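Input: a single structure, listed below in structure tokens.
Numbering (UniProt numbering), first residue to last: 1 to 644.
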């Protein structure tokens, strides 16, 4: 007998291929019967073969352990619930292991057909039933409701879509009903043997188009729900109104909400109570812009909506609401203490007296009287009796100042009068044309205290006496003031002293259409002098006109209106008055000539008709211009009046 393998114990395993039993075999092969013990002579598996197979088993187990990083019984005798071992040595993972214990070998199979419906950010769901247009609406809704017992639903906006009106579409705001319907797809049999397809889609973006017919329907619904006797409007479950059958008009959609609130402000601005309950409202931003127009609102119901944060009530700040109903909103469940809830709500609505049907203690408010800012006026009068003197003085002063000869203004200044002039550039100076923005003509005597720091120079730039003042005024560029831009303030009026402040716009009369436009401000101290008045102190500030001032200047048309107190009047030259404003004598002819020239420039009439207009008005320039505007409006001025 061959001595192969002598010295080797049979308990040792071999991992390489062993073909010792195959040498010299050319006859029929021997097959073994399955046996736990066995006699080698009778075909059983002896200890040598068992040892060899045990080595191969160990090899496969080690390979599996290295390949799969998990727990494994190396002896091969442990439970086999987690892994199975096919012949090729690869293992298969049993999913039941994750469920704990020995898996779900004896548990019923899970319902693999159940589908979890995603929630909608708008709380609305679109239900689509294809090929259901052939069925009666009542039968279809009853059948769907029967499949959801005990849950029921009411369809909103039920209508037919698609070509041939074969698809039924409606909407729900009930997540539970929508979720159950999504699992009824192809589970409901119809009378003609078909399975109903039920498709459910969450509506995360609502885009409602409000055409004119739909707006009229909304108006009808609101009119029906308005109670004029108590000034209350009930908009609860707005989408379920019978007038809106077949239409999808959710009030929590921004376009619909804004439209409804605008109609409230337009048709019932004195609304006292508003009910917005059961509308799935999750944002009140649409109210913010209309708070000031709902000043009479005292009762507001917002129950059974979807307000999640108390900050959502910030949009209501400014309302005088005294009763608020917020029950069944998610925000209510976030407060463990009622006191904190009341405090946070009252931060937004400080006048609140009842919250969620519970009376609250009176709020602690400061007794501050509500005051209104006085209306803005173009001019200010400290004394009514000084109106006429101030108006006449300014009319005659600027009539002479804008004339070709300013020398007559000498008598408008006291012999010891003082004048200070300053100029500066506005912030928009760098944006305008450089050649028109320069103030060179006014800078030579600029006494702007922010720019002139030397005290001696400040004194030298202060003009004293009417001679020096007139020399300076005559050196300034020719001008044309716009009386309609004047704002005049009579700050002080006594028999001994008058203080006036006037500001407006003028342009330098260079004879071109593009003359520089300037803005000015003058402060005048006036005292009685003989039979009239004269200036004893004056400050003048000149700058470039803003774009708004330049665009509005010299554009106001003359209209026949009664003169208002100190409203900027047309330029009035010196005219005889009981008290001569500037004490100028022997100037009647010059004054009348200047008045005629002003009428020509203002009305466009020729010299003859302008003088005629003044004659008929007794040389009252203001009355003459008023009469011209009236006759021109009536079309009674002949064309020859405008012929040159």
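Note that beta-carbon positions come from the ideal geometry of N, C-alpha and C, so glycine has one too.
Here the structure is a predicted model, which is why all the values come from computation and not from measurement.
- Rounded to whole angstroms, the Cβ separation of residue 538 and residue 523 is 7 Å, and the two are in contact under 8 Å.
- The alpha helix (DSSP H) runs lying completely inside the stretch 209-248 and spanning 4 residues or more are 212-225, given in chain order.
- Residue 134 carries a coil assignment under DSSP once its states are collapsed to helix, strand and coil.
- With a 10 Å radius around the Cβ and a threshold of 16 neighbouring Cβ atoms, residue 497 comes out exposed.
- Here the stretch 200-215 lies against the stretch 117-125, with 3 or more beta-carbon pairs under 8 Å apart.
- Of the other Cβ atoms in all chains shown, 16 or more fall within 10 Å of the Cβ of residue 392; this residue is therefore buried.
- By the Cβ rule, the stretch 220-237 does not count as touching the stretch 170-185, because fewer than three pairs are nearer than 8 Å.
- In the DSSP assignment, residue 157 falls outside any alpha helix (DSSP H) and within the unbroken beta strand (DSSP E) covering 156-161.
- Residue 145 carries a helical assignment under DSSP once its states are collapsed to helix, strand and coil.
- For the 8 Å CB-CB criterion, residue 470 and residue 410 form a contact.
- Residue 456 and residue 608 have their C-alpha atoms spaced approximately 54 Å apart.
- Around the beta carbon of residue 380, fewer than 16 other beta carbons sit within 10 angstroms, so the residue counts as exposed.
- Counted as a single uninterrupted DSSP element, the stretch harbouring residue 456 is not any beta strand (DSSP E) but the alpha helix (DSSP H) occupying residues 455-460.
- Between residue 328 and residue 296, the CB-CB gap reaches or exceeds 8 Å.
- Shown here, residue 287 sits in a helix according to DSSP, grouped into three states.
- Within the model, the alpha-carbon separation for residue 244 versus residue 216 is close to 11 Å.
- Secondary structure at residue 358: strand, using DSSP grouped into helix, strand and coil.
- Looking from the CA of residue 519, the closest CA among 306, 525, 530 and 505 belongs to 505.
- For residue 197, the closest of 209, 212, 206 and 133 by C-alpha to C-alpha distance is 133.
- By the Cβ test, the stretch 320-335 is in contact with the stretch 348-356, since at least three Cβ pairs between them sit closer than 8 Å.
- The beta carbon of residue 476 is closer than 8 Å to those of 441 and 442 in its chain, skipping five residues each way along the sequence.
- Where residue 301 is concerned, the enclosing beta strand (DSSP E) starts and stops at 299-301.
- The distance from the Cβ of residue 316 to that of residue 349 is about 6 Å, consistent with a contact at the 8 Å cut-off.
- In the displayed model, residue 537 falls within a strand according to three-state DSSP.
- Nearest to residue 465 by alpha-carbon distance, out of 426, 489, 413 and 445, is 413.
- Looking at the backbone, the Cα of residue 347 and that of residue 361 are separated by about 15 Å.
- In the DSSP secondary-structure assignment, residue 487 is bridged to 503.
- Where residue 447 is concerned, there is no enclosing alpha helix (DSSP H), because DSSP gives it neither an H nor an E.
- A straight line joining the alpha-carbon of residue 301 with that of residue 274 spans about 6 Å.
- Annotated three-state conformation of residue 175 is helix, per DSSP.
- Check the Cα spacing between residue 166 and each of 544, 129, 552 and 639: the tightest is with 129.
- Residue 170 carries a strand assignment under DSSP once its states are collapsed to helix, strand and coil.
- Of 250, 188, 228 and 406, the smallest CA-CA separation from residue 210 is found for 250.
- Taking every protein chain shown into account, the CB of residue 491 has fewer than 16 other CB atoms within 10 angstroms, so this residue is exposed.
- Using a Cβ-Cβ distance cut-off of 8 Å, the stretch 181-192 and the stretch 288-295 are not in contact, since fewer than three pairs of beta carbons, one from each stretch, lie closer than that value.
- Residue pairing by DSSP places residue 394 opposite no residue, since no beta bridge is assigned to it.
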